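Asker: Encoded as structure tokens, here's the structure I'll be asking about.
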Ligand SMILES: Cc1cc2nc3c(=O)[nH]c(=O)nc-3n(C[C@H](O)[C@H](O)[C@H](O)COP(=O)(O)O)c2cc1C
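Residue numbers (full-length UniProt numbering): 1 to 195.
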């Protein structure tokens, strides 16, 4: 594959869009759209620009929920990402519905097929960013995404990816009914080696 160097200050190679939701210091639910996250086991890590309402509040309350939207929520995603929680209640503006968490004091977003209740463990500052490391203490999943054995139906997930460079960023969508099992591209012998 021929490659060239690319002068760009951003190269987003496809990160899931999430809605981070929290109660503000007056107990009102609010949310912010994010794409900078990763999760390993029970740990989830989010990257915020410094100064936003969501991160400032989460620094004080030390709890939030991560909600994974699907394609039916594009306008709410943009409201969450283009407005400030310090000025408006984004639940009211987007028409999304907050429902209470069962373990933490966090609002979950009823319309999102996945919601994770998250408890902050560490906060790091890096330049103009704030990195929040949290423990996932509860997972809520839409029943339509689970089979009769309560296993996730990976092939029907409709997670939205955020991708692009400094010139243009856009949303990408997953092909429906298409997934391959982990390890299925290795010969049987190879699978043993990697176990
Ligand atoms: C698709 C999308 C992805 C975004 N990803 C992030 C992100 O990962 N980190 C971040 O700090 N802001 C991100 N933003 C921008 C914030 O949503 C935006 O700054 C918002 O106004 C913050 O709201 P708040 O002040 O209520 O926290 C994203 C926006 C969009 C539309």
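Idealized CB from N, CA, C, for every residue including glycine.
Values in this document were obtained by computation on a predicted structure and should not be read as measured data.
1. Do you know how far the Cα of residue 16 is from the Cα of residue 32?
2. With DSSP as the reference, label residue 142 as helix, strand or coil.
3. Please find out if some non-hydrogen atom of ligand 1 comes closer than 7 Å to the beta-carbon of residue 53.
4. Cα separation between residue 11 and residue 36?
5. Assign residue 95 to one of three DSSP states: helix, strand, or coil.
6. Determine the direct distance from the alpha carbon of residue 66 to that of residue 23, and round the result to whole angstroms.
7. Look at the alpha carbon of residue 150 and the alpha carbon of residue 177, and state the distance between them as a whole number of angstroms.
8. List the endpoints of the continuous beta strand (DSSP E) containing residue 117.
9. Quick one, are the C-beta atoms of residue 118 and residue 56 less than 8 Å apart?
10. I want to check one thing, is the minimum distance from the CB of residue 159 to the heavy atoms of ligand 1 below 7 Å?
11. Determine which residues share a DSSP beta bridge with residue 165 and list them.
12. Relative to the C-alpha of residue 99, which residue among 162, 2, 157, 140 is closest?
13. Under three-state DSSP, which class holds residue 2?
14. Determine the contact status of residue 129 and residue 59, defining contact as a CB-CB distance below 8 Å.
15. Just list the residues that DSSP pairs residue 33 with in beta bridges.
16. What number of angstroms, rounded off, separates the C-alpha of residue 92 from the C-alpha of residue 127?
17. Quick one: does the C-beta of residue 32 sit closer than 7 Å to a heavy atom of ligand 1?
18. Could you give the residue range of the alpha helix (DSSP H) that holds residue 79?
19. Cβ-heavy atom distance between residue 131 and ligand 1 below 7 Å?
Answerer: So, from the data block:
1. When the Cα atoms are used, residue 32 and residue 16 turn out to be separated by approximately 14 Å.
2. Secondary structure at residue 142: coil, using DSSP grouped into helix, strand and coil.
3. For ligand 1, at least one heavy atom lies less than 7 Å from the Cβ of residue 53.
4. Taking the straight line joining both Cα atoms gives about 12 Å.
5. In this structure, residue 95 counts as coil in the three-state DSSP scheme.
6. Rounded to the nearest angstrom, the two C-alpha atoms are 13 Å apart.
7. Between the alpha carbons of residue 150 and residue 177 lies a gap of roughly 18 Å.
8. Note, residue 117: beta strand (DSSP E), 114-126.
9. No; because the gap between Cβ atoms is not below 8 Å, this pair is not in contact.
10. For ligand 1, not one heavy atom lies less than 7 Å from the Cβ of residue 159.
11. In DSSP, residue 165 forms a bridge with 11.
12. Of the candidates 162, 2, 157, 140, the one whose C-alpha sits nearest the C-alpha of residue 99 is 140.
13. Residue 2 carries a coil assignment under DSSP once its states are collapsed to helix, strand and coil.
14. No. Outside cutoff.
15. BP columns for residue 33 point to 19.
16. Note on geometry: alpha-carbon atoms of residue 92 and residue 127 lie some 33 Å from one another.
17. The answer is yes for residue 32.
18. 74-82 is the span of the alpha helix (DSSP H), which, as asked, contains residue 79.
19. Answer for residue 131: no, Cβ out of range of ligand 1.
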